[in-house]
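Numbering (numbering that gives the first Met the number 0), first residue to last: 0 to 321.
Heads up, the thing below is written out as structure tokens.
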Amino acid sequence: MKLASFEVETPVGTRQRVGVRDEHGALVDVTAAYAADLNSRGEADPLAVAETHAPPEMSTFLQRGERAFNAARDAVAFVRETDASEGPTGGQLRFDPADEGVRLLAPLPRPNSIRDFMAFEEHVKNSLGEEPPQVWYDTPVYYKGNPDSVVGPGEEVAWPSHSEQLDYELEIAAVIGKEGTDIDAADAEEYIAGYTVFNDFSARDTQMKEMQGRLGPAKGKDFANAFGPFLVTTDSFDLSEARMTAEINGETWSDGVAGEMYHSFADIVEHVSRDETLYPGDVLGSGTVGEGCGLELGRFLEEGDTVTLHVDGLGTLENTVR
């Protein structure tokens, strides 16, 4: 199942929705379609129940857990089987992302937190210019990003004024869907709601300068975290064979495989949750695939460049830097 967050302009203002991409590429409004399903089964107050079980905002949706995901499945099945177009109050059930007034957002427009790891050995070797230290093999190391700097598919990324060396990073992110502490790696998958494409934009000159102070990265990373286009549930995505590519203005710069992660997401979940609680809406980045950024390639972005990241099974995330 491919979940999305999207905005719809209405006569009373812009409203955010959780949608499921159907087989025709349309977005089924989960809350409205589930309300229509409940109404067809005689529920006395279908919209109120639907908004409780499957809220129209992704963070709250994830907090509802399996109940929300089941409601989403029921909503899509109802629309498919009945070909219904309106909810119990006359609201539209399906939206074309290309329509005027509809805007696809990052799947999780405001994560609870962002932790980004360095899980690909080739990237670490290329970035350091030497073998990784032993601690990297022993521990999935990470930094914490800025959850208030999320950008979605198609959004422009503002070039930070403090940098002259802008870079992209080709990554996958796992989104936590269930609260847990001291989670065993063997049980980790049940805590992951799904995966999305992640572009960890980096101001390399700022990053390298600030990290000489033995802390960070921070300012060199916190200006833009791009996610999208969908949150693909774990039962619909095979990470082991997924090809990852990055194109700059249509030219392929990066090409890798997600299964080359040295530290798996299961290991990452186990490590982070040790003596610490993971919450729905927490984002865990894989780090950059080998040769998945300009730093490794010796070339960087220029003003006006369009960065297109694609991961098989997750979709395509495109952003232009200005």
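Beta carbons: idealized from backbone N, C-alpha and C, even for Gly.
Computed from a predicted model, the values in this text were never measured in an experiment.
Buried or exposed (CB count within 10 angstroms, at least 16 for buried), LEU214:
Here residue 214 refers to the residue found at position 215 when the sequence shown is read from its first residue. By the neighbour-count rule (16 or more Cβ atoms within 10 Å), LEU214 is not buried but exposed.
Which residue comes first and which comes last in the alpha helix (DSSP H) that contains VAL231?
Position 232 of the sequence shown, counted from the first residue, corresponds to residue 231. Per DSSP, VAL231 belongs to no alpha helix (DSSP H); it is in the beta strand (DSSP E), 224–232.
Going by the beta-carbon positions, is the gap between VAL196 and GLY314 smaller than 8 Å?
Looking up residue 196 in the sequence shown gives position 197. Looking up residue 314 in the sequence shown gives position 315. Yes.
Extent of the continuous alpha helix (DSSP H) run through ASP266
Taking the first residue of the sequence shown as 1, we reach residue 266 at position 267. Looking at the DSSP string, the run of the alpha helix (DSSP H) that includes ASP266 is 264–272.
Report the three-state DSSP secondary structure of THR287 (helix, strand or coil).
By one-based count along the sequence shown, residue 287 stands at place 288. THR287 falls in the coil class under three-state DSSP.
Can you check which of these residues, ALA184, ALA172, ASN145, is closest to PRO216 by C-alpha distance?
As a position in the sequence shown, residue 216 is number 217, starting the count at 1. Closest option to PRO216, Cα to Cα, is ASN145.
Span of the alpha helix (DSSP H) holding LYS208?
Locating residue 208 in the sequence shown gives position 209, where the first residue counts as 1. From DSSP, the alpha helix (DSSP H) with LYS208 extends over 203–209.
Does the beta carbon of VAL11 fall short of 7 Å from some heavy atom of the ligand FMN?
Although the ligand FMN was asked about, the structure shown includes no ligands whatsoever.
Taking VAL11 as the reference, give the member of GLY100, GLY249, PRO228 with the closest Cα.
Here residue 11 refers to the residue found at position 12 when the sequence shown is read from its first residue. The shortest C-alpha separation from VAL11 is found at GLY100.
Does the segment 171–182 come close enough to the segment 54–74 that 3 or more CB-CB pairs lie under 8 Å?
yes
Going by CA-CA distance only, name the one from VAL48, ALA97, ALA83, MET260 that's closest to PRO152.
Along the sequence shown, read from residue 1 onward, the residue named residue 152 stands at position 153. Of VAL48, ALA97, ALA83, MET260, the residue nearest in Cα terms is ALA97.
DSSP beta-bridge partners of TYR141
Along the sequence shown, one-based indexing puts residue 141 at 142. The partner list for TYR141 (beta bridge, DSSP) reads PHE116.
Going by DSSP, what residue range makes up the alpha helix (DSSP H) through ASP254?
The residue given as residue 254 occupies position 255 in the sequence shown. Premise fails: ASP254 lies in the beta strand (DSSP E), 250–256, not in any alpha helix (DSSP H).
Does the beta-carbon of TYR376 have 16 or more other beta-carbons within 10 angstroms, so that it is buried, or is it exposed?
Since the displayed the chain opens at 0 and closes at 321, residue 376 lies outside it and no answer follows.
Use the C-beta contact count for THR30: other C-beta atoms within 10 angstroms, 16 or more gives buried, fewer gives exposed.
The residue labelled residue 30 in the question sits at position 31 within the sequence shown. Under this definition THR30 is a buried residue.
Distance between SER239 and ASP137 (C-alpha atoms, nearest Å)
As a position in the sequence shown, residue 137 is number 138, starting the count at 1. As a position in the sequence shown, residue 239 is number 240, starting the count at 1. Whole-angstrom Cα-Cα distance: 22 Å.
To the nearest angstrom, how far is it from the Cα of PRO110 to the Cα of ASP281?
Here residue 110 is taken as the residue at index 111 of the sequence shown, counted from 1. Here residue 281 is taken as the residue at index 282 of the sequence shown, counted from 1. Cα to Cα, the separation comes out at about 6 Å.
Among GLU85, PRO132, ARG102, which residue has its Cα nearest to the Cα of ALA35?
On the sequence shown, position 36 is the one that residue 35 refers to. Considering only alpha carbons, the answer is GLU85.
Which listed residue (TYR142, LEU104, GLY128, ARG72) has its alpha carbon closest to that of GLY297
In the sequence shown, counting from the first residue as 1, residue 297 sits at position 298. Out of TYR142, LEU104, GLY128, ARG72, GLY128 has the C-alpha closest to the C-alpha of GLY297.
Taking just the CA atoms, how far does ALA245 sit from ALA219?
Looking up residue 219 in the sequence shown gives position 220. Looking up residue 245 in the sequence shown gives position 246. According to the sequence as given, residue 219 is Gly; it is not Ala. About 21 Å.
Am I right that MET324 and SER235 are in contact with their C-beta atoms under 8 Å? What's the rounded C-beta distance?
The chain is shown only over 0 to 321; residue 324 falls outside these bounds and no answer can be derived.
On the premise that VAL310 lies in contact with MET260, defined as a C-beta separation below 8 Å, what is that separation, rounded to the nearest angstrom?
As a first step, residue 260 must be located in the sequence shown, where it is residue number 261. As a first step, residue 310 must be located in the sequence shown, where it is residue number 311. The Cβ separation is near 13 Å, so there is no contact.
For HIS52, is the classification buried or exposed, using 16 other Cβ atoms within 10 angstroms of its Cβ as the cut-off for buried?
In the sequence shown, counting from the first residue as 1, residue 52 sits at position 53. By the neighbour-count rule (16 or more Cβ atoms within 10 Å), HIS52 is buried.
Is DSSP giving GLY193 helix, strand or coil here?
Taking the first residue of the sequence shown as position 1, residue 193 is located at position 194. In this structure, GLY193 counts as strand in the three-state DSSP scheme.
Residue burial classification, ASN248 (beta-carbon count within 10 angstroms, cutoff 16)
Taking the sequence shown and counting its residues from 1, the one referred to as residue 248 is at position 249. By the neighbour-count rule (16 or more Cβ atoms within 10 Å), ASN248 is not buried but exposed.
Going by DSSP in three states, SER26 sits in which element: helix, strand or coil?
On the sequence shown, position 27 is the one that residue 26 refers to. Per the sequence presented here, residue 26 reads as Leu, with Ser not at that position. Of the three classes helix, strand and coil, the one that applies to LEU26 here is strand, per DSSP.
Can you list the alpha helix (DSSP H) stretches of 4 or more residues lying completely in the segment 13–83, in chain order?
29–39, 45–52, 57–62, 65–81
What's the call for VAL134, buried or exposed, on a 16-neighbour Cβ count within 10 Å?
On the sequence shown, residue 134 is found 135 positions in, with the first residue counted as 1. Result: exposed.
Identify every residue that forms a DSSP beta bridge with ILE175.
The residue labelled residue 175 in the question sits at position 176 within the sequence shown. Looking at the DSSP assignment, ILE175 forms a beta bridge with ILE191.
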